[in-house]
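Quick note: to get this note's numbering, add 85 to the position in the sequence shown (first position is 1).
Even for Gly, the Cβ is constructed at its ideal location relative to N, Cα and C.
Below: the structure, in structure tokens.
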Amino acid sequence: MEIKKVGIIGCGLMGSGIAQVCAQAGIQTVVHEIDKDALEKGMSRIDKGLGRLEKKEKITTEEKSSIQGRITGTTDLLKLKDSDLIIEAAIEDIAIKRSIFKTLDEECKPETIFATNTSSLSVIDIAARTSRTDRFCGLHFFNPVPVMALVEVVRTLTTSDETFNNAFNFAKQIGKEPIACKDNSGFVVNLLLVPFMLDAIRAVENGIASIVDIDKGMQLGCGHPMGPLTLLDFVGLDTTYYIANIMFDEYRETRYAPPPLLKRLVLAGHLGKKSGRGFYDYTGDEPVPAL
Ligand code: CAA
């Protein structure tokens, strides 16, 4: 099944990136946000993302405008009803995700495939509220979506082979590298990445080394593009705290338990790059350690 029209729920950091790569792959893309303000912000994020490519001469001005011509922004969920595939990238709130899919389930054509970009919730928990559990899977992208090659394609206990294969091929269609994952909390990447990032926070708590040296250690010692504390600020400390809590709840293993320092930083509103401060302070020209 060739995917010709994609509906995307949410035009935040992930949704806008997903919309951009779908439109770049020549697919008609409709992206939904809850209100005009959020939609405008999301569309300008896409404009900025494509502008980055234009500036580097990876696309021409004409290509940029034809890519943008394939993206329609809307605040009306029903505008997505004739999509071949819906990818939900709304906030990590199970009640909101269930409610979105309940509406879409009633309105979309029967063959529309539903996918969630959740990073830690269980896909079947969202799928089970619809009448198409066989046509429901996870498609988990990574930030920044236009740059990161991977997509985790998540098969639940009820996902049909046809749906899984269509989703897997769709990831290739948009130029990504898919991997097959079971519907366990954290899939493959967060299962390994989250305890690693939490251990870096524990290293800070235990005074093992400075923030800068912990980051430098993993960058220069293991070739990571970002050290774990920079990556935490990049992902968002609130997001990581939220994911860790879900994973701890699922596995009851202490390696997923959020360290007290992470909780304190979130309570203080120090959420990382997006709030201007996390493990580093981003208010100057260059990030400086904030702890
Ligand atoms: N959006 C789009 N493109 C971006 C970008 C962004 N936010 N940031 C950087 N880029 C592009 C640049 O334009 C550049 O493109 P070219 O190679 O075509 O010139 C390329 O990425 C490299 O960028 P820079 O040279 O400016 O900077 P860099 O080399 O430091 O790379 C980075 C930036 C790609 C973000 C890199 O540091 C990196 O890979 N970091 C790790 C990111 C990561 O681990 N992401 C996964 C997070 S976990 C997650 O998302 C899942 C979850 O559920 C929490």
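Item, Value
"Option nearest Lys194 by Cα separation, candidates Gly363, Asp167, Ile176", "Asp167"
"Residue range of the unbroken beta strand (DSSP E) whose run includes Asp221", "Asp is not the amino acid found at residue 221; the sequence shown has Phe there. 221-226 is the extent of the beta strand (DSSP E) around Phe221."
"Proximity to Val378 [Cα-Cα], best of Thr339, Thr248, Leu224, Asn251", "The structure shown does not extend to residue 378, since the chain spans only 86 to 376, so no value can be given for it."
"Cβ shell of Ala108 (< 6 Å), same chain only, five flanking positions each side left out", "Thr114, Ile152, Arg155, Ile156"
"Whole-Å CB distance - Gly326 paired with Pro343, under 8 Å assumed", "The question names Gly, but residue 326 in the sequence shown is Tyr. Going by Cβ atoms, the distance from Tyr326 to Pro343 rounds to 5 Å, so yes, they are a contact pair."
"Inside the segment 188-263 only - alpha helix (DSSP H) runs reaching at least 4 residues", "208-212, 246-258"
"Cβ-heavy atom distance, Gly312 to ligand 1, below 7 Å", "no"
"Check whether Pro263 and Val236 have beta carbons under 8 Å apart", "yes"
"One or two residues paired with Pro374 in a DSSP bridge", "Tyr365"
"Local Cβ density within 10 Å of Ile172, reported as buried at 16 or more and exposed below that", "buried"
"Stretch-stretch touch, CB-based, cutoff 8 Å, three pairs: the segment 336-352 with the segment 295-308", "no"
"Beta strand (DSSP E) segment containing Thr145, residue limits", "Premise fails: Thr145 is in no beta strand (DSSP E) and is neither H nor E."
"Classification of Ser129 by the beta-carbon crowding that lies within 10 angstroms, buried from 16 upward", "exposed"
"Helix, strand or coil at Cys96 according to DSSP, with G and I counted as helix", "coil"
"Cβ-heavy atom distance, Asn269 to ligand 1, below 7 Å", "no"
"Rounded straight-line distance, which links the Cα of Val106 to that of Glu148", "13 Å"
"Cβ neighbour criterion (16 or more within 10 Å) applied to Asp270", "A small correction: the amino acid at residue 270 is Ser; Asp does not occupy that position in the sequence shown. Buried, by the Cβ-count rule."
"First and last residue of the uninterrupted alpha helix (DSSP H) at Ile156", "Run containing Ile156: none in the alpha helix (DSSP H); it sits in the beta strand (DSSP E), 156-159."
"Residue of Lys261, Arg217, Asp323, Gly95 minimising C-alpha distance to Ala110", "Lys261"
"Cβ separation of Ile211 and Thr243, assumed to be a contact under 8 Å, to the nearest whole Å", "The pair is not a contact, with the Cβ atoms about 12 Å apart (cut-off 8 Å)."
"Beta strand (DSSP E) segment containing Glu79, residue limits", "An answer regarding residue 79 cannot be provided, because it is not within the stretch 86 to 376 covered by the chain."
"Status (buried if at least 16 other CB within 10 Å, exposed otherwise) for Cys266", "buried"
"Beta-bridge partners of Lys267, as assigned by DSSP", "Arg240"
"Run of the alpha helix (DSSP H) containing Val351, from where it starts to where it stops", "345-352"
"Cβ-heavy atom distance, Val106 to ligand 1, below 7 Å", "no"
"Ser216 versus Thr197 - alpha carbon distance", "12 Å"
"Residue-chain proximity (Glu148, chain D), Cβ-Cβ < 8 Å", "Given the protein chain composition of this structure (a single chain), no chain D is represented."
"Contacting residues, own chain, Cβ-Cβ under 8 Å from Phe319 (five flanking each side not counted)", "Asn228, Met311, Gly357, Lys358"
"Beta carbon of Arg220 nearer than 8 Å to that of Arg183", "no"
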